[in-house]
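In my numbering, the protein residues as written are 81 to 392. Idealized CB from N, CA, C, for every residue including glycine. Note that the structure is a prediction, hence the values are computed from the model and not measured.
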Amino acid sequence: MTISTLSKRKTSARARRLAGTERPMWMGRPSPAVQALKAIVLTAACVLVILPFVAVISTSLSDEETVRQAGGFVLWTTEPTFAAYQQIFSGGVVTRSVLVSTGVTLVGTLISIVTTVALAYGLARPKTLGAKPLLMTVLFTLLFAPGLIPSYLMVKELGLIDSYWALILPVCVNAFNVIVVRSFFMDIPQELIDSARIDGASEFTILNKIILPLSRAVIAVVSLFYAVGYWNAFFNAVLYLNDNSKWPLQLVLRTFVVQGQTYQQSLDGSIPPPQAALQMAILVVSIVPILIVYPFLQKHFAKGMLTGAVKG
């Protein structure tokens with residue numbers, strides 16, 4: 081093979097690479113052995129992720145004898161029973177805590193979305209009075225948290241101790257979510273807003289009729305962030321709620337599952353379900369709402385987060 085032939089082959093390979101018809105080595109099709117290894121690794125990862133959920137659900141559906149034979153956690157129950165769920169939803173502390181968490185999540189998410197959208201819209205408009213100082217204030221709170229003691233003293237001075245509002249108002253506006261929504265609003269063409277303003281639309285009409293319909297993706301994502309935050313929050317309840325009857329579900333979950341306290345409540349003198357089944361049933365109840373809501377909002381994640389985070 082002559083030098084001129086090698087040179088021609090290199091030149092043609094370079095030309096194909098530049099034309100996009102030939103992939104680099106690291107982007108080429110993997111060999112069957114590599115594909116098999118990838119399949120094994122991904123399968124093992126899926127099993128490691130799914131297996132704990134299966135064990136939790138199976139244990140919550142098991143009776144005393146099955147749990148005793150399995151030594152605590154049941155991987156697969158052969159005779160499922162809903163006694164544990166019947167027990168925790170019989171009007172006791174878990175039922176009350178589910179209602180508290182549901183109410184706090186719904187009301188808190190609504191308040192958070194309204195305040196976040198209003199603040200982000202004001203910061204996104206270039207001629208808003210005091211927009212820059214207010215934006216600097218938002219960024220300052222993003223970098224420097226107020227701290228535990230100042231937050232507690234503020235809530236106490238406002239008279240929110242032992243109030244459900246103590247679980248909502250201190251965290252109703254998240255600076256990161258405001259920045260994301262503001263960036264999304266700034267990507268909307270200014271010509272749309274100018275044309276609406278020429279037609280006589282007010283700021284509220286522009287926000288309601290133009291901005292919000294175009295921002296469903298980012299609003300859905302931020303709503304999920306707020307909802308998950310309110311549903312999973314328990315630390316504010318530890319700080320601000322002295323009345324046990326107002327505990328949210330996550331604090332009840334912490335008490336009975338993490339701290340291992342015994343759930344005592346019998347139904348009509350019947351044999352109570354095992355404590356492990358009750359604890360796992362409470363755990364399932366705490367994660368199911370998020371698992372139900374997430375698939376409906378997952379499609380908005382790519383557009384809502386990436387588009388809103390480009391400008392920062």
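Between the alpha carbons of residue i and residue j, how many angstroms are there, rounded?
{"i": "Ala225", "j": "Val218", "result": "11 Å"}
{"i": "Val253", "j": "Leu228", "result": "17 Å"}
{"i": "Ile241", "j": "Leu304", "result": "27 Å"}
{"i": "Ile290", "j": "Ile273", "result": "8 Å"}
{"i": "Gly239", "j": "Trp245", "result": "10 Å"}
{"i": "Ser393", "j": "Thr123", "result": "Outside the displayed range of the chain (81 to 392) lies residue 393, so it cannot be described from this structure."}
{"i": "Val261", "j": "His380", "result": "13 Å"}
{"i": "Val235", "j": "Leu333", "result": "25 Å"}
{"i": "Lys212", "j": "Arg277", "result": "23 Å"}
{"i": "Leu292", "j": "Gln270", "result": "14 Å"}
{"i": "Ile259", "j": "Leu371", "result": "27 Å"}
{"i": "Val318", "j": "Val187", "result": "20 Å"}
{"i": "Thr195", "j": "Asn322", "result": "28 Å"}
{"i": "Leu203", "j": "Leu377", "result": "26 Å"}
{"i": "Leu347", "j": "Glu144", "result": "Unreliable placement is indicated for Leu347, whose pLDDT of 49 sits below 50; the coordinate value is still reported in the next sentence. Rounded to whole angstroms, Leu347 to Glu144 spans 16 Å at the Cα level."}
{"i": "Leu214", "j": "Tyr201", "result": "12 Å"}
{"i": "Leu249", "j": "Ala116", "result": "52 Å"}
{"i": "Asn324", "j": "Gln339", "result": "16 Å"}
{"i": "Pro230", "j": "Tyr320", "result": "13 Å"}
{"i": "Gly183", "j": "Lys118", "result": "44 Å"}
{"i": "Thr335", "j": "Phe314", "result": "11 Å"}
{"i": "Ala113", "j": "Val121", "result": "12 Å"}
For a test of the three-state rule: what should DSSP assign to residue i, helix, strand or coil?
{"i": "Arg277", "result": "helix"}
{"i": "Gln339", "result": "coil"}
{"i": "Leu240", "result": "coil"}
{"i": "Ser135", "result": "What sits at residue 135 in the sequence shown is Ala, not Ser. DSSP places Ala135 in helix when its eight states are reduced to three."}
{"i": "Arg334", "result": "helix"}
{"i": "Phe224", "result": "coil"}
{"i": "Val154", "result": "coil"}
{"i": "Trp245", "result": "helix"}
{"i": "Arg109", "result": "coil"}
{"i": "Ser142", "result": "coil"}
{"i": "Ser346", "result": "At Ser346 the pLDDT is 49, less than 50, meaning the model places this residue with poor confidence; the figure from the coordinates comes in the next sentence. Here Ser346 sits in coil by DSSP."}
{"i": "Pro375", "result": "helix"}
{"i": "Pro230", "result": "helix"}
{"i": "Leu353", "result": "Here residue 353 turns out to be Pro, not Leu, going by the sequence shown. In the structure shown, Pro353 sits in coil (DSSP, three-state: anything other than H, G, I, E or B)."}
{"i": "Pro328", "result": "coil"}
Taking the alpha-carbon of residue i as reference, which of the options has the nearest alpha-carbon?
{"i": "Ile168", "options": "Pro160, Glu159, Val178", "result": "Val178"}
{"i": "Gln355", "options": "Val364, Val337, Ser366", "result": "Val337"}
{"i": "Thr221", "options": "Asp242, Thr208, Ala246, Val251", "result": "Val251"}
{"i": "Val298", "options": "Ser263, Ile278, Arg148", "result": "Ser263"}
{"i": "Leu199", "options": "Leu363, Leu321, Leu358, Phe256", "result": "Phe256"}
{"i": "Val174", "options": "Val364, Pro375, Ile370", "result": "Val364"}
{"i": "Leu358", "options": "Leu128, Val147, Ile120", "result": "Val147"}
{"i": "Val154", "options": "Ile137, Phe284, Val308", "result": "Ile137"}
{"i": "Pro369", "options": "Trp311, Gln166, Leu223", "result": "Trp311"}
{"i": "Gly309", "options": "Pro375, Gly151, Gln330", "result": "Gln330"}
{"i": "Ala307", "options": "Ser140, Ser192, Ser275", "result": "Ser192"}
{"i": "Trp156", "options": "Ser170, Ser140, Phe162", "result": "Ser140"}
{"i": "Asp267", "options": "Leu294, Thr158, Thr161", "result": "Leu294"}
Tell me the start and end of each unbroken alpha helix (DSSP H) in the region 157-214 that is at least 4 residues and wholly inside, in chain order.
Along the region 157-214, the alpha helix (DSSP H) occurs as fully enclosed runs of 4 or more residues at 163-168, 173-204, listed in sequence order.
Pick out the complete alpha helix (DSSP H) segments inside the region 249-324, 4 residues or longer, and give them in chain order.
Fully enclosed alpha helix (DSSP H) runs of 4 or longer: 255-266, 270-278, 283-286, 296-312, 315-320.
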